[in-house]
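Trainee:
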Amino acid sequence: MQTFYETTCDAVVIGAGHAGAEAALALARTGLSTVVLTLNLDSIGFMPCNPSVGGTAKGHLVREIDALGGEMGVCADRCALQFRMLNEGKGAAVQSLRAQVDKNKYHTEMKRTFEHTEHLRILQGEAAELLVENGRIAGVVTAYGGILRCRAVVVATGVYLGAQTITGEYVKQAGPNGFERATLLTQNLLALGLGIRRFKTGTPARLDGRTVDFSRLTPQAGEHVFPFSFMDDDVPAAQTPCYLAYTNEATHALIRENLARAPLFNGAISSVGPRYCPSIETKVVRFADKSRHQLFLEPEGADTTEIYVQGLSTSLPHDLQKAVYRTVEGLEQCEIVRYAYAIEYDCIDSLDLLPTLEYKGVRGLYFAGQINGTSGYEEAAAQGLMAGLNASLALRGLPPLILRRDEAYIGVLIDDLVTKGTDEPYRMMTSRAEFRLMLRQDNADERLTEKGYAAGLVSEARHARFLRRMEQKQTALAILAGRAEQKTACALIEKRGEATPAAGLTYADLLRRGIGIHELCAAYGILADLPEDILLRCETEIRYEGYLKRGRVEAEHAKRMEACPLPADLDYAAISGLRLEAREKLARVRPLDLGQAGRISGVSPADIAVLMVYLQSRTH
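Each residue of the sequence shown is one higher than the last, beginning at 129 in this note's numbering.
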């Protein structure tokens, strides 16, 4: 094919899904000329699966993206149909914000943001080849022969690379939602030394809401909680309801009787799927003792009757899908407008990446999102922001931004990917974060906004708002440290059925005794003018003060380990005392420091001790 000069820019982002969007905006907003190359402009910020943002641990990621100056939280707030706080009855560490969003509006808003961002050009086309010169990225060639010269590339192809959809016996060479797939880049990545795997995900059918009997379902209303973005003050007062439904024995029997036609069980699908978001076929087989599975019926948007049925993902043939859906109470007469499917796609081995998400084999080449083996919009967006920001920092000659595990869920996510790798689509969960009490969604700005500001991504307006909020928090803490009037304190304590104290108490003491911040403020007429999330943050920090101190001690120990760098050319095979498995794993990952080495699966504390002795011997 005849090639031609398309343009010269600082960076090219391949893909405009949730990873590509954050990467492109991070680069452009930090002053670098950026081209985002996407197969179809209609797929910018597109949600091929669930019409929602956030959820358990994912809500934490969205607030961290926002605190760093990213776009997902801002866009989700603009497009939200309903907000809920998950795990509200549990501890503050695992409570997570989730929003139903208008899918079409989210895409439109993200595209509009692209079109009004300085230094950012949108280009429809497919990446065919990455140009590499002297070990570093030099450009991208499109399928049409256009050459984009650049100094950095972020590959964020999502599930489009080598994609094929599977529904029963029918396999289609296509991306999600019928979009065109990308076919040309895989061989180029293999030639550059990257390992390629095949992963799988899936999506449920969409129903015509006019054919659903909602009167037989359980409504789930929205809640008045705080928004995703620290730049927004409130959530919409009017919220669209979702609905709960359940599968039953008739559903399960129909699936069991037809497993021979299920691609997941007849050998038609051999790639690895997400463990924590299984298809209905997998759930029926894996949890044979369960008589029902919960489903959520969610609106796809304010301007459509399409309903997303979360929990009923499948790759069964169309005739069986229709029969299965109609076994559910309330869906007996439902009509499917988009049938469910499974999708297989190419992704890389994330162990090939540095903690900056740069490929170890080519300078200036970064990867983000589902191509790194993750699942979920939020995980993708978090990686996109960090890949784009680190590419920007490198091009500006500044040190990289690598978030530690005690600093952010984003740090946990990326460290897991580049240190442990993943053999299945990776999903963020609160249980993966050992410092989760420190990494609450309410304090993401306190943990990360200054870092985003130093990196040049957080705007002056956001930074000024952050500083004002921190002043409000300090004001609240100072007031709560003050002495509470004894008579009112005794009344509050007696109301809880507890013995009244002989000595006076502070407001903070009352919080530690289990009295809620709102009850306390109402009883004493204090802190009425402060934002709700600031009050809740103060309440949490006071109640969990001892645990937080312990966490900070453990975090300091981890930091000391990370202060012991490991030479990039270290020959692990030559270090006597290391077990064979440890030598192989260390040589594969090539950790940057002792802290990262200790987190590699297969490397024991004894191996770390051997490494410490070896490093000390090298310094003498």
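The beta-carbon is built from N, C-alpha and C at its ideal position, and this holds for glycine as well.
#1: With C-beta atoms as the reference, is G501 less than 8 angstroms away from T550?
#2: Whole angstroms are fine: how far does the CA of P179 sit from the CA of V681?
#3: Going straight from the alpha carbon of G323 to that of A606, what length do you get?
#4: Ignoring anything shorter than 4 residues or poking outside the stretch 575-607, list the alpha helix (DSSP H) runs there in chain order.
#5: Less than 7 angstroms between C-beta atoms, sequence neighbours within five positions excluded: which residues of the same chain meet that for P445?
#6: For R420 and N376, what's the separation of their Cα atoms in angstroms?
#7: Helix, strand or coil for V363, going by three-state DSSP, please let me know.
#8: Return yes when the Cβ of L345 is within less than 8 angstroms of the Cβ of A373, no when it is not.
#9: Compare the beta carbon distance of D570 and F358 with 8 angstroms and say whether it is the shorter of the two.
#10: State the CB to CB distance for the pair R279 and G492, rounded to an integer number of angstroms; the pair is presumed to be in contact (CB under 8 angstroms).
#11: Which value, in whole angstroms, describes the spacing of the CA atoms of T442 and E409?
#12: Hey, out of A416, L694 and A396, whose CA is closest to R384's CA?
#13: Flag this pair as yes or no: are the beta carbons of V268 and T547 separated by less than 8 angstroms?
#14: Can you tell me the Cα-Cα spacing of A496 and A725, whole angstroms?
#15: Which runs of the alpha helix (DSSP H) fall wholly inside the stretch 149-218 and span at least 4 residues, in chain order?
#16: DSSP has Y487 in a bridge; who is on the other side?
#17: Give me the Cα-Cα distance between A271 and L225, rounded to the nearest whole angstrom.
#18: Does T558 pass the burial test, meaning 16 or more other C-beta atoms within 10 Å, or should it be called exposed?
#19: Verify whether the separation of the beta carbon atoms of D447 and R325 is less than 8 angstroms.
#20: For L545, count neighbouring Cβ atoms within 10 angstroms of its own Cβ and tell me buried if that reaches 16, exposed if not.
#21: Alpha carbon to alpha carbon, how far is G321 from N518?
#22: Check each candidate in Y436, A255 and V202 and name the one with the smallest Cα separation from D336.
#23: So, at 6 angstroms on beta carbons, what are the nonlocal neighbours of S171 in its own chain, with the 5 sequence-adjacent residues on each side left out?
#24: Tell me the rounded alpha-carbon separation between H188 and R403.
#25: With a cut-off of 8 angstroms, do at least 3 Cβ pairs link the stretch 210-230 to the stretch 181-197?
#26: Considering only residues of the same chain and omitting the five flanking positions on each side of C405, which have a CB-CB separation below 6 angstroms?
#27: Quick one: grab the DSSP three-state call for T616.
#28: Apply the 10 Å Cβ neighbour rule to Q223 and answer buried if 16 or more other Cβ atoms are within range, or exposed otherwise.
#29: Pull up the DSSP beta-bridge partners for E426, would you.
#30: Closest to H146 by CA distance: which of G159, T131 and P176 is it?
#31: Pull up the distance between the alpha-carbon of T616 and that of H646, whole angstroms please.
#32: So what does DSSP say about R279, is it helix, strand or coil?
#33: To the nearest angstrom, how far is the alpha carbon of G159 from that of Y453?
#34: Would DSSP call F242 helix, strand or coil?
#35: Suppose only complete runs of 4+ residues qualify. What are the alpha helix (DSSP H) ranges in the stretch 255-319, listed by chain order?
#36: For L464 versus L289, is the C-beta distance shorter than 8 angstroms?
Mentor: Let me spell this out:
#1: Here residue 501 refers to the residue found at position 373 when the sequence shown is read from its first residue. Here residue 550 refers to the residue found at position 422 when the sequence shown is read from its first residue. Yes. Within cutoff.
#2: As a working note, residue 681 is residue 553 in the sequence shown. As a working note, residue 179 is residue 51 in the sequence shown. Rounded to whole angstroms, V681 to P179 spans 40 angstroms at the Cα level.
#3: Position 195 of the sequence shown holds residue 323. Position 478 of the sequence shown holds residue 606. Going by the C-alpha atoms only, they are around 55 angstroms apart.
#4: Fully enclosed alpha helix (DSSP H) runs of 4 or longer: not present.
#5: Reading the sequence shown from its first residue, position 317 is the one you call residue 445. So the list reads T295, G296, E297 and R389, once near-sequence residues are dropped.
#6: Here residue 420 refers to the residue found at position 292 when the sequence shown is read from its first residue. Here residue 376 refers to the residue found at position 248 when the sequence shown is read from its first residue. If you take the alpha carbons of R420 and N376, they lie about 5 angstroms apart.
#7: Numbered from its first residue, the sequence shown carries residue 363 at position 235. Three-state DSSP puts V363 in coil, outside helix and strand.
#8: Mapped onto the sequence shown, residue 373 falls at position 245. Mapped onto the sequence shown, residue 345 falls at position 217. For A373 and L345, yes; Cβs fall inside 8 angstroms.
#9: Taking the first residue of the sequence shown as position 1, residue 570 is located at position 442. Taking the first residue of the sequence shown as position 1, residue 358 is located at position 230. No, these two residues do not count as a Cβ contact at 8 angstroms.
#10: Locating residue 279 in the sequence shown gives position 151, where the first residue counts as 1. Locating residue 492 in the sequence shown gives position 364, where the first residue counts as 1. Taking a contact as a CB-CB distance under 8 angstroms, the pair R279 and G492 counts as one, their CB atoms being some 6 angstroms apart.
#11: Within the sequence shown, the letter at position 314 stands for residue 442. Within the sequence shown, the letter at position 281 stands for residue 409. Straight across, the Cα-Cα distance linking T442 with E409 is about 7 angstroms.
#12: Taking the first residue of the sequence shown as position 1, residue 384 is located at position 256. The residue among A416, L694 and A396 with its C-alpha nearest the C-alpha of R384 is A416.
#13: As a working mapping, residue 268 is identified with position 140 in the sequence shown. As a working mapping, residue 547 is identified with position 419 in the sequence shown. Here V268 is not near T547, since their CB atoms are 8 angstroms or more apart.
#14: Looking up residue 496 in the sequence shown gives position 368. Looking up residue 725 in the sequence shown gives position 597. So the two alpha carbons sit approximately 23 angstroms from each other.
#15: If we require 4 residues or more, the alpha helix (DSSP H) runs fully inside the stretch 149-218 come out as 186-195 and 200-207.
#16: Walking along the sequence shown from the start, residue 487 turns up at place 359. Under DSSP, the beta-bridge partners assigned to Y487 are L481.
#17: The residue labelled residue 271 in the question sits at position 143 within the sequence shown. The residue labelled residue 225 in the question sits at position 97 within the sequence shown. Distance between the alpha carbons of A271 and L225: 41 angstroms.
#18: Along the sequence shown, one-based indexing puts residue 558 at 430. Under a 10 Å Cβ-count criterion, T558 is classified as buried, with 16 or more other Cβ atoms of the shown protein chains found around its own Cβ.
#19: Counting from one through the sequence shown, the residue named residue 447 turns up at place 319. Counting from one through the sequence shown, the residue named residue 325 turns up at place 197. In this structure, R325 does not lie closer than 8 angstroms to D447 by Cβ.
#20: Within the sequence shown, the letter at position 417 stands for residue 545. By the C-beta density criterion, L545 is buried, having at least 16 other C-beta atoms within 10 angstroms.
#21: Here residue 321 corresponds to residue number 193 of the sequence shown, with the count starting at 1. Here residue 518 corresponds to residue number 390 of the sequence shown, with the count starting at 1. So the alpha carbons of these two residues sit roughly 22 angstroms apart.
#22: Counting from one through the sequence shown, the residue named residue 336 turns up at place 208. When each option's Cα is compared against that of D336, the closest is Y436.
#23: Walking along the sequence shown from the start, residue 171 turns up at place 43. Taken in chain order, the residues that qualify are F307.
#24: The residue you call residue 188 lines up with position 60 of the sequence shown. The residue you call residue 403 lines up with position 275 of the sequence shown. Near 21 angstroms, if we compare the C-alpha coordinates of R403 and H188.
#25: Verdict: yes, contact present.
#26: Working through the sequence shown from its first residue, we reach residue 405 at position 277. The beta carbon of C405 lies closer than 6 angstroms to none in the same chain, with the five residues before and after it left out.
#27: By 1-based counting over the sequence shown, the position of residue 616 is 488. The DSSP-derived three-state label of T616 is helix.
#28: Mapped onto the sequence shown, residue 223 falls at position 95. Counting every other CB atom within 10 Å of its CB across the protein chains shown gives Q223 a total of 16 or more, marking it as buried.
#29: Walking along the sequence shown from the start, residue 426 turns up at place 298. Partner(s): Y436.
#30: Sequence index remark: in the sequence shown, residue 146 carries index 18 (1-based). When only C-alpha atoms are compared, the closest one is P176.
#31: By 1-based counting over the sequence shown, the position of residue 616 is 488. By 1-based counting over the sequence shown, the position of residue 646 is 518. Roughly 15 angstroms separates the two Cα atoms.
#32: On the sequence shown, position 151 is the one that residue 279 refers to. Correct three-state label for R279: coil.
#33: For the purposes of this step, residue 159 is taken as residue 31 along the sequence shown, with counting starting at 1. For the purposes of this step, residue 453 is taken as residue 325 along the sequence shown, with counting starting at 1. G159 and Y453 have their C-alpha atoms some 50 angstroms from each other.
#34: Counted from its first residue, the sequence shown places residue 242 at position 114. Residue state, collapsed to three classes: helix.
#35: As far as the stretch 255-319 is concerned, its whole alpha helix (DSSP H) runs of at least 4 residues are 313-319.
#36: The count along the sequence shown starts at 1 and reaches residue 464 at position 336. The count along the sequence shown starts at 1 and reaches residue 289 at position 161. Strictly speaking, residue 464 in this sequence is Ile, with Leu absent from that position. Cβ atoms of I464 and L289: not closer than 8 angstroms.
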